[in-house]
Every structure is written in C-alpha cells, then in structure tokens.
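Each remark here refers to the structure printed beneath this line.
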Amino acid sequence: MRPATKNLTRHARSDGQLVSEAVAGDTVSWEELVRRFSVRLHRIAGTYGLDNASAADVVQTTWLRAFERLHMLRDPAAVGGWLVTITRRESVSVVRGRSRERLVDTYDSIDAPDDGRTPEDEIAALDQNAQVRAALQRLPQRDRKLLTMLMASRTPSYTAASAALNMPVGSIGPTRARSLAALRRELVHS
1 MRPATKNLTR
11 HARSDGQLVS
21 EAVAGDTVSW
31 EELVRRFSVR
41 LHRIAGTYGL
51 DNASAADVVQ
61 TTWLRAFERL
71 HMLRDPAAVG
81 GWLVTITRRE
91 SVSVVRGRSR
101 ERLVDTYDSI
111 DAPDDGRTPE
121 DEIAALDQNA
131 QVRAALQRLP
141 QRDRKLLTML
151 MASRTPSYTA
161 ASAALNMPVG
171 SIGPTRARSL
181 AALRRELVHS
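Just so we're aligned, residue 1 is where the sequence shown starts under the numbering used here, counting upward by one.
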C-alpha cells in the first residue's frame, strides 16, 4: 500500500485540504475551490431574484471576500457553508440596495410610520422568500402553476384555476393540498 501523498488528484482532495493549500499560496487549489463552488453560489444568488449579471457580480464579490478572509476560516472543511453565507449576505445587500433606489412618488410616503420591522427581520424575510421561491421551482410544473395562481390573488378562484390548468374544479383543492405538502417537503430538505 502506498502512503498518501500531497499530489492527490483534484477530485480526491477535500474542501479542507484545498483551503489549507490555497491559504499557503497554492493557486491551483484556489482555482479548484472556485470551480467546485461557483455554480452552487450562482444558483443561490439567483434564488434572490437577481438576473444573471447581478448574480455573477454577487458570486464575484463572494470570491473576493473569501480570498481576503480565507486565512481566518477556523474550520477549513466548513468552507462550503461559509461561502453560501457570504453569497446570501451579498445577495441581500444587492436586493436591499435596489429597494433603496426606488423613486418616491410623494413626500408623504417619506414620513410614513415604521412598521416595526428591524433590518434583521427584513433580511430574514428576504432569505425565507428566496428559499420558498427556490423550493417552488423544484416542484413539478403543474403544482408550481397551481400554487402560483392561487397565491397571486387575495381571493383565489378555483374556477379560474380550473380553466387555466384544464383541471376539474373538484380536483383543485386536493391537488393544492398535495402541492403544498410537496412544497413543505422541499423546504425541509433544502
């Protein structure tokens, strides 16, 4: 049996090994980290409703932040979760920046009372909404369409949903219940 060597194939090296080697200045290990996680990070940024260019900017910023702070990572094996957290924070920052860019119609709305939500509440709500959107996208198309139609209105019409989806009105309620259960499962497993 041959002893383990530092020249393991790229895919055989753990995330922790890649981080340690990248911190030591190994550019090949850094590039492998980028290859290993970029698609996942781009997908996460997309769940915040960002277009491809904005999601790419978020991922680029994530890698910049990671490069600047990689040496401070206490558990190199946890790099995946750390990168996801950075991506989520950067995505929220972009989304919040866009909401500040909206023009105000009248001066009266500037003085509107605060609804009591803290910035942390806003971030938590944005993150939860992104997770629900991502879980909804993983459902079958028919379930996704039904739930979207019913959620889009304060007074959902089973008749309208029946006509749009070519489903019997009597099937809408049970299908809705199954779709919501599937959505809950997706949220638990994400």
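Quick reminder that beta carbons are idealized off the backbone N, C-alpha and C, glycines included.
Proximity to residue i [Cα-Cα], best of the options
| i | options | result |
| --- | --- | --- |
| SER17 | GLY80, ARG185, ARG117, ALA160 | Strictly speaking, residue 17 in this sequence is Gln, with Ser absent from that position. For GLN17, the nearest C-alpha among the options comes from GLY80. |
| ARG88 | TYR48, LEU64, ARG74, PRO119 | TYR48 |
| VAL188 | ARG142, ARG154, GLN131 | GLN131 |
| MET72 | THR155, ALA22, VAL34 | ALA22 |
| GLU90 | ARG74, GLU68, THR118, ILE44 | ILE44 |
| TRP63 | PRO140, LEU33, VAL94 | LEU33 |
| ILE123 | LEU165, THR155, ARG96 | ARG96 |
| ASP121 | VAL92, PRO76, ARG154 | VAL92 |
C-beta contact flag for residue i and residue j at 9 Å
| i | j | result |
| --- | --- | --- |
| LEU83 | LEU41 | yes |
| ARG144 | LEU136 | yes |
| ILE86 | ALA66 | yes |
| LEU70 | VAL58 | no |
| ARG36 | ASP15 | yes |
| MET167 | THR175 | yes |
C-alpha gap between residue i and residue j, whole angstroms
| i | j | result |
| --- | --- | --- |
| VAL19 | ASN129 | 32 Å |
| ALA177 | LEU146 | 11 Å |
| ALA78 | ARG13 | 14 Å |
| LEU183 | SER162 | 20 Å |
| THR159 | LEU180 | 19 Å |
| GLU186 | ARG142 | 16 Å |
| VAL94 | GLY46 | 12 Å |
| ASP105 | GLN60 | Low confidence applies here, because ASP105 scores a pLDDT of 48, under 50, leaving its location unreliable; read the following figure in that light. Taking the straight line joining both Cα atoms gives about 34 Å. |
Terminal residues of the alpha helix (DSSP H) in which residue i lies
| i | result |
| --- | --- |
| TYR158 | 158-165 |
| ARG142 | 141-151 |
| GLY170 | 169-188 |
| ASP57 | 52-69 |
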